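Asks: Mind having a look at this structure? Questions to follow.
In this note's numbering, the protein residues as written are 29 to 312.
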């Protein structure tokens, strides 16, 4: 198996155009580079350079193996970077839980920067709502959550409100009777089925009167509304992305509603360096 130094000498000799240029680049003597390339040719039983002219050039086999050598060096570099991060206490995996009320250009921008800074760290994103989101952070299943702002949180959670806000409005299928009304009041809403968000942990909390179907995610409520089963409060970005043309926004007093979003994390299971970096970028 060729060593890292030997492969590096071969790649530099090929890309710099000469053994002497590779030597200067690596701070080695020309004889050291020549010996490294020669030993690699012996190990591989392949001639990498055509030395018949004054300036050696890659053989056809050398061109093929140059690509493979570059791949090995890149993989080695990623391995060393990942090991260095882990040795400094950076988490091997970061889990983020998100509410569908939150859709953010800032989050996408931060993820791009995060990928550049921690290219080998595994990232997991979970979708949940309300009490389910809080439980994910409390249990340590998620390191950070972005959730619709609540008035009170458990004592073991830290929270901070983001600058960005979401927006929720009421929607029905275009074929639903409510879609024919210019203005909709509370009495009209009560005459039709409500499609309501219910968490897995507290399915009966804040139970309303009348006919109700519930689901633990806004995307499922959107699909129910598209099927004409009732009216539902839904994040506007979700409807624009997945329900455009099939759902109609209802004109109801007090709607749409602006939704503040909090970042949540646990005092008992705080995010590590990578999670803290991402959280700080989100809260800027």
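By construction, the Cβ of each residue, glycine as well, lies at the ideal position given by its N, Cα and C atoms. A quick note: this is a predicted structure, and the numbers were derived from the prediction, not measured.
Using the DSSP secondary-structure output, state which residues sit across from residue 222 in a beta bridge.
Replies: For residue 222, which the question treats as bridged, DSSP gives the partners 240 and 259.
Asks: The beta strand (DSSP E) with residue 283 in it runs from where to where?
Replies: Premise fails: residue 283 is in no beta strand (DSSP E) and is neither H nor E.
Asks: Assuming residue 280 contacts residue 149 (C-beta within less than 8 Å), just tell me the rounded distance between them.
Replies: About 44 Å; that fails the 8 Å criterion.
Asks: CA-CA distance, residue 169 and residue 78?
Replies: So the two alpha carbons sit approximately 58 Å from each other.
Asks: What are the uninterrupted segments assigned as alpha helix (DSSP H) that are 4 or more residues long and contained completely in the segment 31 to 93, given in chain order?
Replies: Here the runs fully enclosed are 32 to 44, 47 to 54 and 58 to 72.
Asks: Beta-carbon within less than 6 Å of residue 309's beta-carbon, same chain only, minus the 5 sequence neighbours each way: which residues are those?
Replies: Once the five neighbours on either side are set aside, the close Cβ partners of residue 309 are 138.
Asks: Residue 274 and residue 202 - do their beta-carbons sit closer together than 8 Å?
Replies: Yes, these two residues count as a Cβ contact at 8 Å.
Asks: Apart from the five residues just before and just after residue 129, which ones in its own chain have a Cβ nearer than 6 Å to its Cβ?
Replies: Closer than 6 Å at the Cβ level, and outside the excluded window around residue 129, lie 176, 194, 263 and 287.
Asks: I'd like the list of long-range same chain contacts for residue 297, defined as Cβ closer than 6 Å, with 5 residues on each side in sequence excluded.
Replies: Answer for residue 297: 168, listed in chain order.
Asks: Put residue 178 into one of helix, strand or coil per three-state DSSP.
Replies: Coil at residue 178, not helix or strand.
Asks: Given this structure, state the Cα-to-Cα distance separating residue 51 from residue 30, to the nearest angstrom.
Replies: So the two alpha carbons sit approximately 18 Å from each other.
Asks: Pick from 174, 210, 107 and 219: whose alpha carbon is nearest that of residue 190?
Replies: When each option's Cα is compared against that of residue 190, the closest is 174.
Asks: Can you tell me whether residue 202 is helix, strand or coil according to DSSP?
Replies: Residue state, collapsed to three classes: coil.
Asks: Between the C-alpha atoms of residue 192 and residue 132, what's the straight-line distance to the nearest angstrom?
Replies: Using only the alpha carbons, I get a separation of about 8 Å.
Asks: If contacts are defined as beta-carbon pairs under 8 Å, then residue 94 and residue 42 qualify, I think. What distance do you get, rounded to the angstrom?
Replies: Correct: roughly 5 Å between the Cβ atoms.
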